[in-house]
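>
Number of protein chains: 2
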Amino acid sequence: MVHSQTIDGSERGVLDQYVHPQSGQTSLPDVVLRPAGGNVFEATVEQLATAIRLGVFTNGEQLPPERELAERLSVSRNTLRDAIAALRESGLVTTKQGRGGGTSVTYAAEHPATVVSGSFVRSGAAMLDALTFRRVVEPGAAWLAATQSLAGDQRAWLTESLREVEIAPDAAAHRVADSRLHLAIATLSGSPMVVDAVTRAQAALHDMLMAIPVLRRNIEHSDAQHHQIVEAILGGDPDRARAVMEEHCDATSALLRGLIG
Amino acid sequence: MVHSQTIDGSERGVLDQYVHPQSGQTSLPDVVLRPAGGNVFEATVEQLATAIRLGVFTNGEQLPPERELAERLSVSRNTLRDAIAALRESGLVTTKQGRGGGTSVTYAAEHPATVVSGSFVRSGAAMLDALTFRRVVEPGAAWLAATQSLAGDQRAWLTESLREVEIAPDAAAHRVADSRLHLAIATLSGSPMVVDAVTRAQAALHDMLMAIPVLRRNIEHSDAQHHQIVEAILGGDPDRARAVMEEHCDATSALLRGLIG
DNA sequence: CCGCAAAGGTCCGTCCCGGGGCCATTGGTT
DNA sequence: AACCAATGGCCCCGGGACGGACCTTTGCGG
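Protein chains in written order, with full-length UniProt numbering: chain A, 1 to 261; chain B, 1 to 261.
1) Helix, strand or coil for residue 225 (chain B), going by three-state DSSP, please let me know.
2) Sorted by chain position, which residues of the same chain lie with C-beta nearer than 6 Å to residue 145 (chain A)'s C-beta, five sequence neighbours on each side aside?
3) Start and end of the alpha helix (DSSP H) containing residue 31 (chain B)?
4) Below 8 Å between beta carbons is the criterion; list the residues of the segment 39-52 of chain B that meet it against any residue of chain A, in chain order.
5) Between the segment 173-180 of chain A and the segment 237-256 of chain A, are three or more C-beta pairs nearer than 8 Å?
6) Quick one: any contact between the segment 244-255 of chain A and the segment 123-141 of chain A, if contact means 3 or more CB pairs under 8 Å?
7) How is the alpha helix (DSSP H) around residue 103 (chain A) delimited, first residue to last?
8) Just to confirm my understanding: we take residue 65 (chain B), look at its own chain, exclude 5 residues before and 5 after, and list those with CB closer than 8 Å. What are they?
9) Can you have a look at residue 159 (chain A) and say buried or exposed, based on whether 16 or more other CB atoms are within 10 angstroms of its CB?
10) With burial defined as no fewer than 16 other Cβ atoms inside 10 Å of the residue's Cβ, what is the status of residue 94 (chain B): buried or exposed?
11) Helix, strand or coil for residue 58 (chain A), going by three-state DSSP, please let me know.
12) Quick check on residue 180 (chain A) - is its C-beta less than 8 Å from some C-beta in chain B?
13) Within 10 Å of its beta-carbon, does residue 35 (chain A) have 16 or more other beta-carbons around it, so buried, or fewer, so exposed?
14) Going along chain B in order, which residues have a C-beta closer than 9 Å to the C-beta of residue 90 (chain A)?
15) Are the CB atoms of residue 28 (chain B) and residue 73 (chain A) nearer to each other than 8 Å?
16) Determine, using beta carbons only, whether residue 175 (chain B) comes closer than 8 Å to chain A.
17) Quick one, are the C-beta atoms of residue 47 (chain B) and residue 104 (chain B) less than 8 Å apart?
18) Cα-Cα, which of A:90, A:191, A:30 and A:71 is closest to residue 148 (chain A)?
19) Which ranges would you report for the alpha helix (DSSP H) in the segment 143-176 of chain B if only whole runs of at least 4 residues count?
20) Pull up the CB-CB distance for residue 256 (chain A) and residue 131 (chain A), whole angstroms please, since I reckon it's below 8 Å.
21) Once DSSP output is grouped into helix, strand and coil, what is the label at residue 93 (chain B)?
22) Closer than 9 Å, Cβ to Cβ, to anything on chain A: give me those residues from the segment 178-202 of chain B, in chain order.
23) Assuming the contact rule is C-beta atoms closer than 8 Å, residue 227 (chain B) and residue 251 (chain B) should be a hit. Round their C-beta distance to whole Å, please.
24) State buried or exposed for residue 180 (chain A), treating a residue as buried only when at least 16 other CB atoms are found within 10 Å of its CB.
25) For residue 165 (chain B), which residues in chain A fall below 7 Å Cβ to Cβ?
26) What residues from the segment 124-135 of chain B come within 7 Å of chain A, judged by C-beta to C-beta, listed N to C?
27) Determine, using beta carbons only, whether residue 74 (chain A) comes closer than 8 Å to chain B.
28) Let me know the secondary structure DSSP gives residue 212 (chain B) once reduced to three states.
29) Determine the direct distance from the alpha carbon of residue 216 (chain B) to that of residue 14 (chain A), and round the result to whole angstroms.
30) Buried or exposed for residue 99 (chain B), please, with buried defined as at least 16 other CB atoms from any protein chain shown within 10 angstroms of its CB.
31) Are the C-beta of residue 230 (chain A) and some C-beta of chain B separated by less than 8 Å?
32) With 8 Å set as the bound, which would you pick, yes or no: does the beta-carbon of residue 86 (chain B) sit closer than that to a beta-carbon of chain A?
33) Applying the criterion that 16 or more other CB atoms from any shown protein chain within 10 Å of the CB defines a buried residue, is residue 89 (chain B) buried or exposed?
34) Assuming residue 76 (chain B) and residue 70 (chain B) are in contact, meaning their beta carbons sit under 8 Å apart, how far apart are those beta carbons, in whole angstroms?
35) Would you call residue 67 (chain B) buried or exposed, if buried means 16 or more other Cβ atoms sit within 10 Å of its Cβ?
Structure (structure tokens):
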């Protein structure tokens, strides 16, 4: 509801600008110049909603105090409050006043349609792009994590994240736990830029996976791969960690490619 | 073990927030919540300056008309004009009025100190991060490019980019041509998100490489690797393309790691 | 020679957002 | 019971970004 909506009604997706309409030729300026995402308010809503949906904040958990969260997001408290209000109206969080109060997550992880209004509808090209991107960064993150000498609590965190995935009671919980595991692996890579990349890939992936039915068989296969990945990371075997993660991404990719344009 | 720890006045850098000061423990909210870069004007200046320094716009070449460029960057023409004015005062571009006029690049690629004022001073941690990130995304991009069935003009573009690197007369020209080659490879991956990632990695890399003396021997070794990479991509050998690119990144990384914190 | 078109140059009104101060509510502590 | 601290709720101001409209310069073509 911001700009866009120029006079040509052709609804150009963000991605179409990467290719010259006339020739199929791509040139560097077309590809490199990326729009600096507009609207701070919407971006904040989107980021918080994504964080919640990805399980960065688990159910019932409290968000940091507004003043702190605002500073961390480099956003004024006003804007942050507006964003939180939007989330509240979407039923993702509830807020309580007073000491010990705050905003806490109430995420049922159901109703795949009731997501926050701005949940981005991605074009087919964007989805394929996200899958491709993920296929690059997630194996890279796994490889890096396996090269690190992990501390005891880090190893425990990884093991615990894996376990949470395996004992997830239903598909929705499994989805959240899966995101958390992948983000944990990315975090153990030690590289903030890698974490950022994986976060974006997971965010895009999440929207897609929420839209399809999940087969029990797929989950079992996926969990077996998770186990191998964690094993390889803990065992310090980067190449194996990467190889299995590649298989893992390819499996998801194959599953999703059939369902999009 | 949530956050808290609000009131320490210790001038925390952007990256430090990824780790808890007290325990070395990292938690997802700390890692995932990323600030949404402020100041649109500065971001625009930085992006254009980077594009020029990376050779996205070659010397003498004209930038797109203001109205078009503004729309592509999702920035108002006012802001874009301010940014261009800043570049003009830094001597990176010149502007001419009237039909056939416009803003064109005048980039000598010398005076490593005269860079635009905002050229980001990255902390040691951020540099290591960038090197790590690059080590993940560039091999991934090369792998992807090698899996694509490239059209004739794409193959020609790649070959030409390689040649430009090899015939570069001096270190500065070599730097620009090198960036262009890497961005070309990323573009041929076909994934905008990958291009974006490589662009960010190259931007960070550029600032580092401009600060160190370059040895003839290093350039020769680098060019040999470039040749192998392009060969592997054109020959449709993804694994080899990735392997050589990894060596290539490792070489640069080793070169730079000695010179930073 | 004249007019048109394609650029940059300028200005203005509107609104979003950041910064900061202050109030209201609530629960713990003395 | 009284106080205090932590937290959300509210408001106002100022600057910056946006989006238009309009002017100026310049080259090309009829």
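For glycine and all other residues, C-beta sits at the position ideal for the given N, C-alpha and C.
The answer reads as follows:
1) Residue state for residue 225 (chain B) is assigned as helix, using DSSP reduced to three classes.
2) Excluding its 5 nearest sequence neighbours in each direction, residue 145 (chain A) has C-beta neighbours in its own chain below 6 Å: 185, 188, 189 and 233, listed in chain order.
3) 28-32 is the extent of the alpha helix (DSSP H) around residue 31 (chain B).
4) Cβ contacts with chain A: 40, 43, 44, 47 and 51.
5) Cβ pair count under 8 Å is below three, so no.
6) Judged by Cβ distances under 8 Å, the segment 244-255 of chain A makes contact with the segment 123-141 of chain A, as three or more pairs qualify.
7) Segment 102-105 is the beta strand (DSSP E) holding residue 103 (chain A); no alpha helix (DSSP H) there.
8) Excluding sequence neighbours, residue 65 (chain B) sits near 102.
9) With fewer than 16 other Cβ atoms within 10 Å, it is exposed.
10) So residue 94 (chain B) ends up on the exposed side.
11) When DSSP states are grouped into helix, strand and coil, residue 58 (chain A) belongs to the coil group.
12) Yes, contact with chain B.
13) By the neighbour-count rule (16 or more Cβ atoms within 10 Å), residue 35 (chain A) is not buried but exposed.
14) Neighbours of residue 90 (chain A) on chain B: none; closest Cβ ~19 Å, over 9 Å.
15) No, the pair does not count as a contact, with Cβ atoms beyond the cut-off.
16) No, residue 175 (chain B) lies away from the interface with chain A (no Cβ there is under 8 Å from its Cβ).
17) Taking the C-beta atoms as reference points, residue 104 (chain B) is found no nearer than 8 Å to residue 47 (chain B).
18) Among A:90, A:191, A:30 and A:71, the Cα nearest to that of residue 148 (chain A) belongs to A:191.
19) Those alpha helix (DSSP H) runs which fall completely within the segment 143-176 of chain B and span 4+ residues are 152-166.
20) With 8 Å as the limit, residue 256 (chain A) and residue 131 (chain A) qualify as a contact, their Cβ atoms being about 6 Å apart.
21) Correct three-state label for residue 93 (chain B): strand.
22) Listed by position, the residues of the segment 178-202 of chain B near chain A (Cβ gap below 9 Å) are 180, 183, 184, 186, 187, 188, 189, 190, 191, 192, 193, 194, 195, 196, 197, 199, 200 and 201.
23) The pair is not a contact, with the Cβ atoms about 14 Å apart (cut-off 8 Å).
24) With 16 or more other Cβ atoms from the protein chains shown falling within 10 Å of its own Cβ, residue 180 (chain A) counts as buried.
25) Identification of chain A residues near residue 165 (chain B) by a Cβ-Cβ cut-off of 7 Å yields none; the smallest Cβ-Cβ distance measures about 15 Å.
26) Taking 7 Å as the Cβ-Cβ cut-off against chain A, the residues of the segment 124-135 of chain B that qualify are 129, 130, 132 and 133.
27) For residue 74 (chain A), the answer is yes, since a Cβ of chain B falls inside 8 Å of its Cβ.
28) It is coil, neither helix nor strand.
29) Confidence at residue 14 (chain A) is low in this model, with a pLDDT of 38, below 50, so the placement of that residue is unreliable and no value is reported for it.
30) Exposed.
31) Taking Cβ atoms only, chain B never reaches closer than 8 Å to residue 230 (chain A), which makes this a no.
32) Not a single C-beta of chain A is nearer than 8 Å to the C-beta of residue 86 (chain B).
33) Result: exposed.
34) Going by Cβ atoms, the distance from residue 76 (chain B) to residue 70 (chain B) rounds to 6 Å, so yes, they are a contact pair.
35) By the neighbour-count criterion, in which a residue is buried when 16 or more other Cβ atoms sit within 10 angstroms of its Cβ, residue 67 (chain B) is exposed.
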